[in-house]
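Heads up: the sequence shown runs through residues 0 to 139, numbered per numbering that gives the first Met the number 0.
One structure is given here, and the rest of the page talks about it.
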Amino acid sequence: MTKIVTALAGLLLCGCSAFAADQGAREAFRRIDTNGDRKLEFSEIQAARARMFDRLDANHNGVLDPDEVRAAVAQVKAKRDIQAARFAGLQAEASRMDRNGDGKISRDEFTAAIPDRLLQADTDGDGALSISELRALKRP
Numbered sequence: 000m001t002k003i004v005t006a007l008a009g010l011l012l013c014g015c016s017a018f019a020a021d022q023g024a025r026e027a028f029r030r031i032d033t034n035g036d037r038k039l040e041f042s043e044i045q046a047a048r049a050r051m052f053d054r055l056d057a058n059h060n061g062v063l064d065p066d067e068v069r070a071a072v073a074q075v076k077a078k079r080d081i082q083a084a085r086f087a088g089l090q091a092e093a094s095r096m097d098r099n100g101d102g103k104i105s106r107d108e109f110t111a112a113i114p115d116r117l118l119q120a121d122t123d124g125d126g127a128l129s130i131s132e133l134r135a136l137k138r139p
């Protein structure tokens, strides 16, 4: 379960490549791929991000404050130190998500943001990530 959470968090929060390598991540892929087309459409990723936001919003006030972002980073690092370096970009990603600059990330800001790395991985420009595009994320 820890590997699934870590891989899914990496994909959804900062576009990290751990997702494509893990057997548990394949199951997570199937859960996100709600239409079963073997691609993760950006709308499916956004829906998964909305569910993740709800889990990260510890006080359930509809925004992620800096303490909640730090807690998410710490949780990911604690679960899988090997991947910790890849998640270092989460803080930068969080500030990019804060579109109105209030120091907090609303559910809408969090859900709408697709990590740049995932946008770039969409090499055919169809607004979805195929399994081969996700696997390409593993490459340096």
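Glycine residues also receive a C-beta, built at the ideal position from the N, C-alpha and C atoms.
Quick caveat, the model's predicted, so the values are computed rather than measured.
Contiguous beta strand (DSSP E) elements confined to the region 19-62 occur at 38-40, taking only those with 3 or more residues. Under DSSP, S129 takes part in a beta bridge, and its partners are K38. From the listed residues R116, A27, D107, the smallest Cα separation to A49 is found for D107. Counting along the chain, no alpha helix (DSSP H) covers T122, and no H or E run does either. In the DSSP assignment, D107 falls within the unbroken alpha helix (DSSP H) covering 106-111.
Taken atom to atom, the span from the alpha-carbon of S105 to that of L63 is near 6 Å.
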